[in-house]
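Encoded as structure tokens, the structure appears first; notes follow it.
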Amino acid sequence: MSDPTVVPWPRPVSAARPESVLTVDDILVRFQTRDASVTAVDRMTFDVRHGEFISVIGPSGCGKSTLFNVIGGLITPTSGLVTVAGEPIRGPHPAIGMVFQEESTFPWRTVLDNVAFPLEVRGVSRRVRLEKARDVVAMVGLTGFEGHYPSELSGGMRQRVSIARTLASEPKILLMDEPFAALDEQTRLLLGDKVLQIQQTLKQTTLLITHSITEAVQLSDRVVVMSYRPGRLKRIVDIDLPHPRTSEIMTSDAFGHYVAEIWGDLRDEASRGMAEAEASRGART
Amino acid sequence: MAETRTIVALPITPRLGAVMRLRLFLILGVLIMWEATAASGLLFRDVVPSSVTVVRALVRLLIDPDFWGNFGVTAGEVLAALAIGATAGLAAGLLLGASRFLGRAYEPYLNSLAPTPKIIFFPVMIMAFGVYAGSKVAMGALSAFFPVALSTAGGMREVDAALVKVGRSFRLSTWQMVTKIYLPAIRVPVLNGMRLGFGVAVIGVLLAETKLSNQGLGYLVMQAYARFDMPQMYAILLVVFAVAVALNAGLGRLTEPRHRRT
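From first to last, the protein sequence lines are chains A and B.
First residue of the first sequence: 8, per my numbering; consecutive thereafter.
First residue of the second sequence: 7, per my numbering; consecutive thereafter.
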């Protein structure tokens, strides 16, 4: 399935690699605006392997958030398939747990009740779900804040609540869209360490959408690089850095080498995006 | 020699005290002017009775079982009106707020009917629901419907799209979306709508009672007026005012932001 040109359509399910838990198969998303149709994602194909941490990186406006919504089942692609364990998804899939970029904790629920939410809607008994939620809250390092409301927490703590809430639903694949985008850099690094530590402990298959090269290299086993609009697959970079990893890896030569390599891929795309954004701004005025 | 300076945090209480003092000044000022007018004899007898007379009338009123009977009638009418009007308003608001199509179609009606004085519908209500409590409840319910419907619909549109996405990603049923996401998210605007709705329901019921009735506080006021018993009329107004303020404060408490249980 690595070379989409040779495999005939429709591809047999058995062609998926045994260890891949999710495949993004020839996804095309086209939006119809009033006077034009815009291709947001153009024939993206890659797979997510069991237990890996994979990042999708691209310049602003490359359609990576659209791709996130397609994999999460919130947007139906114009064509192409997302499959989980060989089964094509239609709408949000129970195996996929989403963490959003925006603030998304329920302000009227305490930390513990926020985290227990996915279990509550599944009808898990109060005792069991609170016990489970307490474990996950501890995992993200928020023990002692179970009874707090989100308004009493910092942005970084609230984002940890969101991650914990999704983890509590025990997804096969953790799907995150720039979960640290609104945070300051230092918090972001520390939170990255935390997420990586949890991912390693749980062997949690994780797909992270990001625009930060350092974040992608710091956390990932593989990095999917997307081009500027229409978002196409540019390259998949294997990050061969040892585990366990922390943000300290940023000082190593190998890290710098990977960052430079991905930036080399992204530079042209990003400047193309910037030029187009500026041109459209100029045309509007 | 370095000068040591102690920085003393300014206590906040004196400023709060100043606000309270200013408030009390106003009440005191009004009372003094009231008493002065009452004593001056400038106005016709008892239009502005001495506050002592009013307090005496208030005491007489509060120990009169007949008053409590009428109070109960009005309270029951207002509560029934609020229950009917707010439920209908909530349902209408949820529908109009959830569907952009329905909202665009029908909200202009709501917006233009909301500021219309509902008392003009009273003759219709009398014919439809009779001269007794039914028409009063109908007036109150009609009044309460609009603020609740409008603020619910507005609240629905303000619901954070991210929370709705969370609900969808966890595959909530429509019922769960309503009860676990939309209703808690619109709690504050709905309660504010109910506060307004409560206010106008009281107005609707009392106004209807003053027009045509044989029981209730509105009826008592009109009777006192007919007998030119101004002290009693003011006493009833004070009771209505006190009840309205207390209930409004109670509802207001429910809209305060949530904090940790201690």
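For every residue, glycine included, the Cβ atom is placed at its ideal position computed from N, Cα and C.
Being a predicted model, the structure only gives us computed values, none of them experimental.
- Taking the C-beta atoms as reference points, B:Ala63 is found nearer than 8 Å to B:Gln238.
- Under the Cβ distance rule, A:Pro125 counts among the residues neighbouring chain B, one pair being separated by less than 8 Å.
- Here B:Ala24 is exposed, its C-beta having fewer than 16 other C-beta atoms within 10 Å.
- Sorting A:Gly130, A:Val122, A:Asp228 by C-alpha distance to the C-alpha of A:Met146 places A:Val122 at the top.
- Residues Asp200 of the same chain have their beta carbon placed closer than 7 Å to that of A:Thr253, with the five preceding and five following residues left out of the count.
- Per DSSP, the beta bridge partners of A:Thr90 are A:Thr30, A:Pro95.
- A:Val55 is bridged by DSSP to A:Leu29.
- Interface criterion not met: the Cβ of B:Ser141 is under 8 Å from no Cβ in chain A.
- Spatial neighbours of B:Gly91 in its own chain (CB-CB distance under 8 Å, excluding positions within 5 residues in sequence) are listed in chain order as Gly146, Ala147, Leu148, Ser149, Ala150, Phe151, Val154, Gly203, Ala207.
- Residue-level contact check: B:Val172 touches chain A, since one or more beta carbons of chain A fall below 8 Å from its beta carbon.
- Listed along chain B are Pro190, Ala191, Arg193, Arg264, each with a C-beta nearer than 9 Å to that of A:Trp115.
- DSSP places B:Ser179 outside both helix and strand once states are collapsed to three, so it counts as coil.
- Neighbours of B:Leu169 in chain A, taken as residues whose beta carbon is under 7 Å from its own, are Ser111, Phe113 in chain order.
- For B:Arg177, the chain A residues whose C-beta falls within less than 7 Å of its own C-beta are Pro99, Pro101, listed in chain order.
- Boundaries of the alpha helix (DSSP H) harbouring B:Ser157: 139 to 164, taken from the DSSP string.
- Following the DSSP letters along the chain, one finds A:Val168 inside the alpha helix (DSSP H) bounded by residues 162 to 175.
- Where A:Leu214 is concerned, the enclosing beta strand (DSSP E) starts and stops at 212 to 217.
- Rounded to the nearest angstrom, the Cβ distance from A:Met51 to A:Val28 is 17 Å, too far for a contact under 8 Å.
- The Cβ-Cβ distance between A:Ile216 and A:Asp191 does not fall below 8 Å.
- When the five nearest sequence neighbours on each side are left out, the beta carbons in the same chain lying within less than 7 Å of the beta carbon of B:Ala94 are those of Phe151, in order along the chain.
- It is roughly 46 Å from the alpha-carbon of B:Leu102 to the alpha-carbon of A:Ser227.
- Taking CB atoms only, B:Lys186 has a neighbour in chain A less than 8 Å away.
- Under the three-state reduction of DSSP output, A:Asp142 falls in the helix class.
- Beta bridge pairing from DSSP links A:Arg229 with A:Ile61, A:Asp245.
- Taking a cut-off of 8 Å for Cβ pairs, the stretch 164 to 179 of chain B and the stretch 131 to 144 of chain B do not touch, as fewer than three such pairs fall below it.
- Comparing alpha carbon positions, the residue from A:Arg37, A:His100, A:Ser67, A:Arg97 closest to A:Met233 is A:Ser67.
- Setting aside the 5 residues that flank it on each side, B:Ser219 is surrounded in the same chain by Tyr225, each with a C-beta closer than 6 Å to its C-beta; the list follows chain order.
- Chain order gives the chain A residues near B:Gln182 as Val128, where near means a beta carbon separation below 7 Å.
- For B:Val227, no beta strand (DSSP E) encloses it; the enclosing alpha helix (DSSP H) starts and ends at 223 to 232.
- Annotated three-state conformation of B:Ile242 is helix, per DSSP.
- Residue range 71 to 104 is occupied by the alpha helix (DSSP H) that includes B:Leu85.
- The Cβ-Cβ distance between A:Val224 and A:Val266 falls below 8 Å.
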